Structure formats: C-alpha cells, structure tokens
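> Order-wise, the sequence lines are chains P and Z. Numbering of the first sequence is given in the numbering used here, commencing with residue -16 and proceeding in unit increments. Numbering of the second sequence is given in the numbering used here, commencing with residue -16 and proceeding in unit increments. Beta carbons: idealized from backbone N, C-alpha and C, even for Gly. In this text, all values refer to a predicted model and were calculated from it rather than measured experimentally.
Number of protein chains: 2
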Amino acid sequence: MKMSQAVEQSLVVLIMLAVQQDNAPVKSHILSSRLEVSESYFKKTMRKLRIAGIVTAIASKEGGFKLARPLHQITLLDVYEAIEGEDSFIHSTQLADRIFKGSDELVKSGTKEVLAIIYDAEQAFKQKLADYTIADILSHIGEESIEAIDWRE
Amino acid sequence: MKMSQAVEQSLVVLIMLAVQQDNAPVKSHILSSRLEVSESYFKKTMRKLRIAGIVTAIASKEGGFKLARPLHQITLLDVYEAIEGEDSFIHSTQLADRIFKGSDELVKSGTKEVLAIIYDAEQAFKQKLADYTIADILSHIGEESIEAIDWRE
DNA sequence: TATTCGTGTATATTAATTATCTATGGATAT
DNA sequence: ATATCCATAGATAATTAATATACACGAATA
Chain P
-16 MKMSQAVEQS LVVLIMLAVQ QDNAPVKSHI LSSRLEVSES YFKKTMRKLR IAGIVTAIAS
44 KEGGFKLARP LHQITLLDVY EAIEGEDSFI HSTQLADRIF KGSDELVKSG TKEVLAIIYD
104 AEQAFKQKLA DYTIADILSH IGEESIEAID WRE
Chain Z
-16 MKMSQAVEQS LVVLIMLAVQ QDNAPVKSHI LSSRLEVSES YFKKTMRKLR IAGIVTAIAS
44 KEGGFKLARP LHQITLLDVY EAIEGEDSFI HSTQLADRIF KGSDELVKSG TKEVLAIIYD
104 AEQAFKQKLA DYTIADILSH IGEESIEAID WRE
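(1) Can you find a C-beta in chain Z that's less than 7 Å from the C-beta of M29 of chain P?
(2) Does the region 4 to 23 of chain P touch the region -14 to -1 of chain Z, meaning 3 or more C-beta pairs lie closer than 8 Å?
(3) Identify every residue that forms a DSSP beta bridge with G47 of chain P.
(4) Just to confirm before moving on: does the CB-CB distance between F108 of chain Z and A107 of chain P stay below 7 Å?
(5) Kindly give me the distance between the Cβ atoms of A1 of chain Z and K31 of chain Z, rounded to whole angstroms, as I take these residues to be in contact under 8 Å.
(6) Mark Y115 of chain Z as exposed unless 16 or more other C-beta atoms lie within 10 angstroms of its C-beta, in which case mark it buried.
(7) Could you give the C-beta distance for I124 of chain Z and S11 of chain P, rounded to a whole number, given that I count them as a contact under 8 Å?
(8) Please list, in chain order, the chain P residues whose beta carbon lies closer than 8 Å to that of E142 of chain Z.
(9) Which word fits A104 of chain P, buried or exposed, when buried means at least 16 other C-beta atoms lie within 10 angstroms of its C-beta?
(10) Taking the straight line between their C-alpha atoms, what separation do you get for I132 of chain P and I13 of chain P?
(11) Give the range of the alpha helix (DSSP H) segment to which K31 of chain P is assigned.
(12) Spatial neighbours of A113 of chain P within its chain, please: C-beta separation below 6 Å, excluding the five flanking residues on both sides.
(13) Does L112 of chain Z get closer than 7 Å to chain P when you measure Cβ to Cβ?
(14) Here's the rule: buried if 16 or more other CB atoms are within 10 angstroms of the residue's CB, otherwise exposed. What is G46 of chain Z?
(15) Can you tell me whether E69 of chain Z is buried or exposed, with buried defined as 16 or more other CB within 10 angstroms of its CB?
(16) Given that a residue counts as buried once 16 or more other Cβ atoms are within 10 Å of its Cβ, and exposed if not, what is Q3 of chain P?
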C-alpha cells in the first residue's frame, strides 16, 4: 500500500512556496525543473492543488503559483486528499457476496465488520495527517535560512 | 492508496476457517473456488499466511488448511503485514535530495519532517488494525449459525 | 502583445497487482 | 504402496494504476 509520488512532490512544492519571500508567485518551469518532471506533468498535479484551494495560479507575465492560504491552514490531510481523492483503502463487499452466497446471512455480516474496522483504521491515519500543517514542517527550518531563499533565481 | 485484494481474500478465508467445526482442515480447491480464483493463485496467498504463522498446511489425504492459532491471537495487522509486507506508505528522501541539492541544508530537514509525520500516521493506522482480531469479527456472528457450517461439503 | 497559466486530449512507459498454467517433489493417512 | 494434497518454483499473461510527456488552443494580464 503505497502513497502516490505526487503527494510527496506536492509537499515539497508547498515547502518551496512557503519559504518564498512575500509569497511571490513562482513559475511552473522553475518548480517542475527542480522536481525533475515535465512541466506538463507538473501542471496536472498543481491543478489538483488549485482545485483544492491550496495554491493560487496567476496567469500573467510575472505569474506563477503561490500559496492560497496561510501555512497553518494547510494540513497534510488537505494535500493528501487533494491528490489521492477520498476513496477508501478498501472498497468491495462484492467478494463477501460471492463467497457467502448460498450460505448463512450472518456470516456475511462478518465481512461487513472487516470493512468497518479497516475504515476505522483509515480514519486514524487521516486524523494524524490532519493534525499537522505546512507550518509545523517549516518550524523545523531556521528563520535565517528561510529569508535567504528565492526560488525564482 | 489501495489495500491489496489479497488482504480481503485472506480475511474472508480466515473467517471461513474460523467457523469450521473442530478447526478441521479445508482443502485448497474448495476455498479457492469459493473465492472464485484459481487454486494456483490462491496457494500463493496462503503461502504468505503460512509463513506468517497464521495458518497451518497439512499435506495429506484429508489435508488442507486450518488456523494455526486461536482466533483472538490473530490480529488484522498480522494479516495485513503477512500479505502487504512491512514497507512504509512512503519511501523516498531521494526527491528531497534532488530538489534541495545546492540549496540550504535546513530546508532539506523539512522533508525529513514530512516523512516522520507520514510514518506517525501510518503507525496510527497499524495500531488500529492491531486492536482487532478475527475473534472480534466472529463475535458479530450468531453461535447457532456457526455450528451449522461445514465448508468441506 | 508576449508571457504564462488553464484545459483537454492523446499517448507512452513503467510497475504492481492479479491471475493462470505447468511440473516436480514431498508428506501422510489409510 | 499409493492416492491425495500441499510445497515450491518458473513462465507467462491480463489488467490496472501511476507516472510521465507532448501538443494545441484559449484566457488572463502586466
């Protein structure tokens, strides 16, 4: 069970935007070349972040992407769900239906319980992600070094 | 981020074995046909469960698979890890290295923090799975109906 | 009016999952 | 003994999702 690479890529981009002075917009080709992915692929990921209200896109000369909200209002769950969607880790019951077809109804309820437990575990995972924001990540970086960074150069 | 089908298949098989009277061994071809997968594929999954010490294989006429331990000693985490292994949801840092190469060391530590948070969330997920056993699932099934089931028929 | 994002489509590559078939060898109950 | 069934392994295939690129036209704006 692996998390999409795009989630990590997104988080790194957000860190980059977060340390950009004055939240000045940074161009696609600069960010994508830093990530070493094509601008085309990069924009597909950024689109998801934009739709989720995490970044703002500015179409203009001197345009680019910037953060849409303060750092402490962007949780890791926001980013995760923006990229991965809200699908559950498991989505089935079809299997249970196949197996217990013809046998006791009460056994079928056992698999329903399985789904409930996995859903419960999934919620625990997501709650942890919701507990942390980009600001928490940035708090591990020294103030001085942040002021010195301009990704547009 | 999706859980392997094999995890759900395994749980269903364990439920079937759990309600089998006297923990009598059930043959591969019976279980695999119930799951509607080939016996060959089914055995590959069962092998993982056997290596994890969850089921016992009996090679003999009147052989088959049975549970290796009491129901309450088989957690959902045991099953999950038997099938999915112990890989983390995210495994990288390579990306961080690529991006922050040439820029400040302190920024790199931001991505380390990201990995730590995701690992934390993953542990929360796994802890929930460890909190439940096959016995918990079975507790949702009436005693009477369990006594009536013989999967070997 | 040049620059840059927005959107959409088509396509390619890679990797993992899911799955089957076959075949040889080993354990054991009767 | 021998039939039955698991153990292991290798080759192969289908399906799906993730990852990725290229291209083209439209829209916003400094």
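With the given structure in hand:
(1) Position 46 of the first sequence, counted from the first residue, corresponds to residue 29 of chain P. No, because no Cβ of chain Z sits closer than 7 Å to the Cβ of M29 of chain P.
(2) no
(3) One-based indexing of the first sequence puts residue 47 of chain P at position 64. Answer is P:I41.
(4) Indexing the second sequence from 1 puts residue 108 of chain Z at position 125. Indexing the first sequence from 1 puts residue 107 of chain P at position 124. F108 of chain Z places its beta carbon less than 7 Å from that of A107 of chain P.
(5) Here residue 1 of chain Z refers to the residue found at position 18 of the second sequence. Here residue 31 of chain Z refers to the residue found at position 48 of the second sequence. 18 Å between Cβ atoms; not a contact.
(6) Numbered from its first residue, the second sequence carries residue 115 of chain Z at position 132. That one is buried.
(7) Translated into positions along the second sequence, residue 124 of chain Z becomes position 141. Translated into positions along the first sequence, residue 11 of chain P becomes position 28. 55 Å between Cβ atoms; not a contact.
(8) Only positions -16 to 136 of chain Z appear in the structure, and residue 142 of chain Z is not among them; the question remains open.
(9) The residue labelled residue 104 of chain P in the question sits at position 121 within the first sequence. A104 of chain P comes out buried.
(10) In the first sequence, counting from the first residue as 1, residue 132 of chain P sits at position 149. In the first sequence, counting from the first residue as 1, residue 13 of chain P sits at position 30. Rounded to whole angstroms, I132 of chain P to I13 of chain P spans 14 Å at the Cα level.
(11) Locating residue 31 of chain P in the first sequence gives position 48, counting from the first residue. Start and end: E22 to I34.
(12) Along the first sequence, one-based indexing puts residue 113 of chain P at 130. Correct list, in chain order: T58 and L60.
(13) Here residue 112 of chain Z corresponds to residue number 129 of the second sequence, with the count starting at 1. L112 of chain Z counts as touching chain P.
(14) Numbered from 1 along the second sequence, position 63 holds the residue referred to as residue 46 of chain Z. Label assigned to G46 of chain Z: exposed.
(15) By one-based count along the second sequence, residue 69 of chain Z stands at place 86. Classification of E69 of chain Z: exposed, given that the 10 Å Cβ count is below 16.
(16) What you label residue 3 of chain P is simply residue 20 of the first sequence in a count that begins at 1. Burial call: buried.
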